[in-house]
Amino acid sequence: QLSGTAWTLLAVFFLQTQKLVPPYASLGRGWPPARGQQLSALLRGFFEFLASNDGPHRGFSVARAQEYQLPSGGLFLEDPAELHENRQQQNLAEGLSEPQWSRVIDEARRAVERLAARPQRWFHWAEVFDPREVPPEKLARLQPLAELTATKTCGLEPTVAGATPTVGSPALPRAGRSATSVAAHHAFGPQ
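Written out as structure tokens, the structure is:
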């Protein structure tokens, strides 16, 4: 399995491919300001990046912001700290087997499909990351943001479509919570 550090380096490398993060070696030399991108587009792009890396022997270096092929092995994530301190390459993904990397790629493809099927609307993260194979029409739906805002202003309580809120449930806003924070809670979990 990949560690949290390895996942972070994969995300940083993806951001480097988008010219949003400089190579480690260039940090002291300045970097043009990043252009604004929607988080949803970056999330989908990250999964597309993972899904496109199904070739054999992939290597990633955030220190150099380079991708390279290896003579053997499935995935090589260069440890930038080890490279900086000891000038040695160490693989942070050395415990990841070929079947495990293939599963990551397959799950990334599924996430891309799910994100592509639901553009431009609020969604619950379970719709994208739910490990069960549940048809989209069977998942509980969130109330559209416009309706959520309208019901909040009219004094009605927002709910997840098909669910009945109970006292203490996340669907009932706490005192002082705005409709936006309630929507964010439903879309992204507690803040």
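In terms of mature numbering (1 follows the signal peptide of the UniProt record, and there is no 0), the sequence shown is residues -19 to -1, 1 to 172. For every residue, glycine included, the Cβ atom is placed at its ideal position computed from N, Cα and C. From a predicted model like this one, the values you see are computed outputs, not experimental measurements.
Residue pairing by DSSP puts residue 40 in a beta bridge opposite 49, 57. Looking from the CA of residue 57, the closest CA among 68, 22, 43, 94 belongs to 43. Pairing residue 79 with residue 55 gives a Cβ-Cβ distance under 8 angstroms. About 6 angstroms separates the beta carbons of residue 31 and residue 86, which is inside the 8 angstroms limit, making them a contact pair. DSSP links residue 72 through a beta bridge to 59. In this structure the segment 89 to 97 lies against the segment 11 to 31, because at least three pairs of beta carbons, one per stretch, are closer than 8 angstroms. A straight-line Cα-Cα distance of about 20 angstroms links residue 18 and residue 11.
In terms of Cα proximity to residue -14, the closest of 73, 96, 77, 98 is 73.
Of the candidates 48, 3, 59, 59 places its Cα closest to the Cα of residue 68. Each residue's CA atom was taken as its position, placing residue 61 and residue 96 some 31 angstroms apart.
In chain order, 2, 43 place their CB closer than 8 angstroms to the CB of residue -8, counting only its own chain and leaving out the 5 sequence neighbours on each side. Annotation: the continuous alpha helix (DSSP H) that includes residue 26 extends over 20 to 32. Pairing residue 41 with residue 77 gives a Cβ-Cβ distance that is not under 8 angstroms.
Spatial neighbours of residue -6 in its own chain (CB-CB distance under 6 angstroms, excluding positions within 5 residues in sequence) are listed in chain order as 27, 30.
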